[in-house]
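Down below is the structure, laid out as structure tokens.
There are 2 protein chains.
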Amino acid sequence: MNPLKEALDTLKDTGVRITPQRHAILEYLINSMSHPTADDIYKALEGKFPNMSVATVYNNLRVFREVGLVKELTFGDASSRFDFVTSHHYHVICEKCGKIVDFLYPGLDEVEHLASHVTGFKVENHRMEIYGSCPECASKEVH
Amino acid sequence: MNPLKEALDTLKDTGVRITPQRHAILEYLINSMSHPTADDIYKALEGKFPNMSVATVYNNLRVFREVGLVKELTFGDASSRFDFVTSHHYHVICEKCGKIVDFLYPGLDEVEHLASHVTGFKVENHRMEIYGSCPECASKEVH
DNA sequence: TTCTTACATTGTAATTGTTATAATTAATTT
DNA sequence: AAATTAATTATAACAATTACAATGTAAGAA
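Just so you know, the protein sequences line up as chains A and B, in that order.
Using my numbering, the first residue of the first sequence is number 6, and each one after it goes up by one.
Using my numbering, the first residue of the second sequence is number 6, and each one after it goes up by one.
So this is what it looks like as structure tokens:
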């Protein structure tokens, strides 16, 4: 079953209306295979939806996040990036050029358990990113 | 040797001038034992430095980050929080009230190595946070 | 010391990502 | 079809951060 159809089912199950805008945003997120910002999405869809508002993009990304379809990657200054949730993967980020590469890893359940045990928190999820230089930037560094 | 003195030495070694403002910001970061925002620091020091600008706080936090004395914890909407780098610890964050609790963990070298191997990146560091509900908020949830 | 230069700080304006609001439009229920 | 609910739009507001220009301060050279 393709991920778009699955996502639309999830929306239907949680009682979220499937509007043309939502359909298009989801489709873009799935097909882009990148980690677009809200503005990237807005720009990419302005051909199809000339009247769509940025607010719609933000609103719907929030909705998608709330039902667990999308993860938000936040950074300090720059805009958040949005990632369609598929398999369990993490991100390796180049500090020079900003490139983001997916990287599969079985998960850090052990860390979550330990954290829960030590702090008494009811642990829900975690975030992990790895930072460094991508091969291109790393080779440029050494002159 | 106390951490403030060590930090000042680091600054000296990297050729960063030790100004009264920098001294005070570092001191506050070390003693507060919390994870203050730039504005927290600004407000906390306005008694001692009535003329200090917010820009100075931001500038110096950036300097400290660049020489590795301070870590910046970024979130989406809210302000960044700044953490004086001491031992290797991670953060457990309450999604309800925002409380941040430190939590010691030996590090995730294995993940870094694997990431480096799989993606070809020159890995420098990583970021990990755990999210959930703190004991207080968790008990409030269940009515 | 005095001059010169480089770095720091200050105050303010500008920027930028995001959210709130109110009005309009569209979809669903009765 | 009418009533209700939700979604979209356009725009204004907000808040965190940065850029900029002016001023101040410290270190090294003459």
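Note that the Cβ used here is the ideal one computed from N, Cα and C, for glycine as well.
Every value quoted in this text rests on a predicted model; they were computed, and no experiment measured them.
Could you check whether the Cβ of Cys139 of chain B sits closer than 7 Å to any Cβ belonging to chain A? Yes, its Cβ sits closer than 7 Å to a Cβ of chain A.
Which complete beta strand (DSSP E) runs does the stretch 24 to 108 of chain B hold, if anything under 3 residues is left out? Runs of the beta strand (DSSP E) inside the stretch 24 to 108 of chain B: 75 to 78, 86 to 89 and 94 to 99.
Is the CB of Arg132 of chain A under 7 Å away from at least one CB in chain B? Chain B, which has a Cβ nearer than 7 Å to the Cβ of Arg132 of chain A, makes this yes.
Below 8 Å on the Cβ atoms is my contact criterion, and I expect Leu34 of chain B with Phe89 of chain B to pass it. Report the Cβ-Cβ distance as a whole number of Å. That belief holds up - the Cβ atoms of Leu34 of chain B and Phe89 of chain B are roughly 4 Å apart, short of 8 Å.
Distance check for Arg132 of chain A and Lys101 of chain B, CA to CA, integer angstroms please. If you take the alpha carbons of Lys101 of chain B and Arg132 of chain A, they lie about 17 Å apart.
With a threshold of 8 Å, are at least 3 pairs of Cβ atoms found where one atom belongs to the stretch 70 to 88 of chain B and the other to the stretch 109 to 119 of chain B? No: fewer than three Cβ pairs fall under 8 Å.
Does the separation of the CB atoms of Cys142 of chain A and Phe126 of chain B fall below 7 Å? No. Outside cutoff.
Chain A within 7 Å of Tyr136 of chain B, Cβ atoms only: For Tyr136 of chain B, at least one C-beta of chain A is nearer than 7 Å to its own C-beta.
Is the CB-CB distance between Gly81 of chain B and Ser58 of chain A below 7 Å? Cβ distance not < 7 Å, so Gly81 of chain B and Ser58 of chain A don't count as in contact.
Have a look at the DSSP bridge pairing and note the partners of Tyr136 of chain B. In the DSSP assignment, the residues bridged to Tyr136 of chain B are A:Asn130 and B:Ile98.
Would you identify the three-state DSSP class for Val21 of chain B, choosing helix, strand or coil? Three-state DSSP puts Val21 of chain B in coil, outside helix and strand.
Here's the rule I'm using: 16 or more other beta-carbon atoms within 10 Å means buried, otherwise exposed. How should Arg27 of chain B be labelled? Result: buried.
Roughly how many whole angstroms lie between the Cα atoms of Ile98 of chain A and Ala83 of chain B? One C-alpha to the other measures close to 22 Å.
Tell me whether Glu117 of chain A is buried or exposed, calling it buried when 16 or more other Cβ atoms sit within 10 Å of its Cβ. So Glu117 of chain A counts as buried.
For His96 of chain A, count neighbouring C-beta atoms within 10 Å of its own C-beta (all shown protein chains included) and say buried if the count is 16 or more, exposed if not. Residue environment analysis places His96 of chain A among the buried positions, since at least 16 neighbouring C-beta atoms fall within 10 angstroms of its C-beta.
In angstroms, rounded to a whole number, what distance separates the CA positions of Ile105 of chain A and Ser39 of chain A? Our two residues, Ile105 of chain A and Ser39 of chain A, have alpha carbons roughly 8 Å apart in a direct line.
Any idea if Ile135 of chain B is buried or exposed, counting beta-carbon neighbours within 10 angstroms, 16 or more meaning buried? Under this definition Ile135 of chain B is a buried residue.
Assuming Ile23 of chain A contacts Ile46 of chain A under a Cβ cut-off of 8 Å, what Cβ separation, rounded to an integer in Å, is found between them? Rounded, the Cβ-Cβ distance is 17 Å, inconsistent with contact.
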